[in-house]
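**Student:** Taken in sequence, the protein lines are chains G and H. Mapping of the first sequence onto my numbering: residues 1242 to 1482, in sequence order. Mapping of the second sequence onto my numbering: residues 1242 to 1482, in sequence order. Where is the CB? At the ideal position from N, CA and C, for every residue including glycine. Computed from a prediction, not measured in an experiment: that's the story for all the values here. One structure coming up, written as structure tokens, with questions to follow.
There are 2 protein chains.
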Amino acid sequence: MEVRVILVEPKNEENIGAVARVTKNFGFSNLYLVNPTAIGKKAFLVASHAYDLLNAAPIVDSVDEAIENSALVAGTTSQPGVSVNRHMRMPFFPPHELKKKIEGKSGILSLLFGREDQGLLNEELMQCDFVVCVPTSPGYPVMNLSHAVAVVLYELRDVGGDFGEITLANVADKARLFTHVRTFLDEIEYREHKREKTMLMLRRILGRAELTQREVRTLHGILSKAERKMEGGAEEPCEDG
Amino acid sequence: MEVRVILVEPKNEENIGAVARVTKNFGFSNLYLVNPTAIGKKAFLVASHAYDLLNAAPIVDSVDEAIENSALVAGTTSQPGVSVNRHMRMPFFPPHELKKKIEGKSGILSLLFGREDQGLLNEELMQCDFVVCVPTSPGYPVMNLSHAVAVVLYELRDVGGDFGEITLANVADKARLFTHVRTFLDEIEYREHKREKTMLMLRRILGRAELTQREVRTLHGILSKAERKMEGGAEEPCEDG
């Protein structure tokens, strides 16, 4: 897979430079910046020989733009215990598990790293197929941004290879599927207060499953069939009666 | 083993602070500094909540003093190809091999990290029991000092973290779920000739997702709700009519 490192609203330009450097150290070259702080001399000083990579990094306005065309989106967090995901009992993958999950896949893996102070927001984490957590000490779990990137990319260093035979569904394919699922929950009158939690759970399940395009089509097919049955089921007995 | 992180003549105080932070992040607390640059505000700012560790770090004059009482000494280098060790026929271990080597051992493991510009000198590397090399890209192999420390300590962190609390659904739970799914496909009159293939695909998707017990219950719930809707949907219009 092709790895895209995405920094979401980084506030410290030295961190941005340090991330550029370590990205190049591990043989990656794809860095995106979402609403970063101003990038000046300090960032380039820290980036050192990775100035080219920093220079080429697209600056975008939103996470949506940054993850465009991705096959998989992984968010990082340092505090599994305090996130929305605890309620969802979402498994947090350590970085070496992420590596196993993407081996043999092709497409773009977007890796989201959050703000230095707040990390990724819940709505950003919800856009992720899985969440990666570097195992740290409970005594001081919060890593420096570039250290977190270093550890994750260290684990992923060998994945650049061309294993790719399976075409994973991309972000847009999955967005359409989730819209369909949401409509379906409405149609079956799934309990309102549980709907959001369940949507998130389904996103997580299907995210972890790393759906192919073909599988996404089949899932649409099952939902459509059930929908027609619900409509049709409403008519048939009347015709009989 | 007890890990002692030793920085040899670090020239940049922010790097020293960053190393203190990541040392604490991975649950270690033993930092030695050999002839460091002056440590001031900047170092403590970067160390953040690891100021205590930085404060307590012994400052010594020589590598000999720093490695005193060690059971094993490992040096780090980013450029195996150009170092004296090639001639010494010293094997270079990647960080995860180092971990294997120390498992089941006791005593102090001293980890030497060299200067930002020159790394460890040949005479220092010769004092090491082994040399550790973080595998990096030939395009830009030289890591920032604190990143190298981050990766090595990440590998040496105590495994057996908090990831094992999630109760995955067992074989029987999943068998019941698949039975329910099959019934559902029957109910929605999913095309006969596609049913087996689709069942297999769903098994694969849900298998890959490593479902938890809770998630299995939610999926049952969604199916049941849709089933009731299909039945209910058949009655309501008749009642109206």
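Looking at chain G, which residues of the region 1433-1445 of chain H have a Cβ within less than 9 Å of any of its Cβ atoms?
**Tutor:** K1435, K1438, T1439, M1442, L1443, R1445
**Student:** Excluding the five sequence neighbours on either side, which residues of its own chain have a C-beta within less than 7 Å of the C-beta of H/H1328, listed in chain order?
**Tutor:** Interpretation of H/H1328 is limited by its pLDDT of 42, a score under 50 that renders its predicted location unreliable; no figure is taken from the coordinates.
**Student:** Below 9 Å between beta carbons is the criterion; list the residues of the region 1372-1389 of chain G that meet it against any residue of chain H, in chain order.
**Tutor:** C1374, V1375, P1376, T1377, S1378, P1379, G1380, Y1381, P1382, V1383, M1384, N1385, S1387, H1388, A1389
**Student:** What does H/T1459 touch in chain G if you count any residue whose Cβ is under 7 Å from its own?
**Tutor:** T1439, M1442
**Student:** Return yes when the Cβ of G/K1346 is within less than 7 Å of the Cβ of G/L1239, no when it is not.
**Tutor:** A question about residue 1239 of chain G goes unanswered here, because the residues of chain G that appear run from 1242 up to 1482.
**Student:** Check whether the region 1446-1465 of chain G touches the region 1446-1456 of chain H, taking contact to mean three or more Cβ pairs, one atom from each stretch, closer than 8 Å.
**Tutor:** yes
**Student:** Is any beta-carbon of chain G found at less than 7 Å from that of H/H1290?
**Tutor:** Answer yes: the Cβ-Cβ gap between H/H1290 and chain G drops below 7 Å somewhere.
**Student:** Spatial neighbours of H/H1421 within its chain, please: C-beta separation below 7 Å, excluding the five flanking residues on both sides.
**Tutor:** H1461, L1464
**Student:** Buried or exposed: where does H/D1358 fall if 16 or more other Cβ atoms within 10 Å of its Cβ makes it buried?
**Tutor:** exposed
**Student:** Tell me whether the region 1252-1267 of chain G and the region 1388-1397 of chain G touch, counting them as touching only if at least three CB pairs, one residue from each stretch, are closer than 8 Å.
**Tutor:** yes
**Student:** In this structure, how does DSSP classify G/K1346 when only helix, strand and coil are distinguished?
**Tutor:** Looking at G/K1346 - three-state DSSP - the assignment turns out to be strand.
**Student:** Buried or exposed: which applies to G/K1470, given that a residue is buried once 16 or more other Cβ atoms fall within 10 Å of its Cβ?
**Tutor:** So G/K1470 ends up on the buried side.
**Student:** Counting only C-beta atoms, is H/M1471 closer than 7 Å to chain G at any point?
**Tutor:** yes
**Student:** From G/V1246 to G/F1354, what does the alpha carbon distance come to, in whole angstroms?
**Tutor:** 8 Å
**Student:** Apart from the five residues just before and just after H/M1440, which ones in its own chain have a Cβ nearer than 8 Å to its Cβ?
**Tutor:** F1419, V1422, R1423, L1426
**Student:** With a 10 Å radius around its C-beta and 16 neighbouring C-beta atoms as the bar for buried, classify G/R1432 as buried or exposed.
**Tutor:** exposed
**Student:** Straight-line CA distance for H/A1259 to H/R1455?
**Tutor:** 40 Å
**Student:** Run the CB neighbour count on H/E1406, radius 10 Å, all protein chains shown included, and call it buried at 16 or more, exposed below.
**Tutor:** Its pLDDT being 45, under 50, H/E1406 is placed unreliably in this model, and the value from its coordinates should be taken loosely. Exposed: under 16 other Cβ atoms inside 10 Å.
**Student:** According to DSSP, is H/A1315 part of a helix, a strand, or is it coil?
**Tutor:** strand
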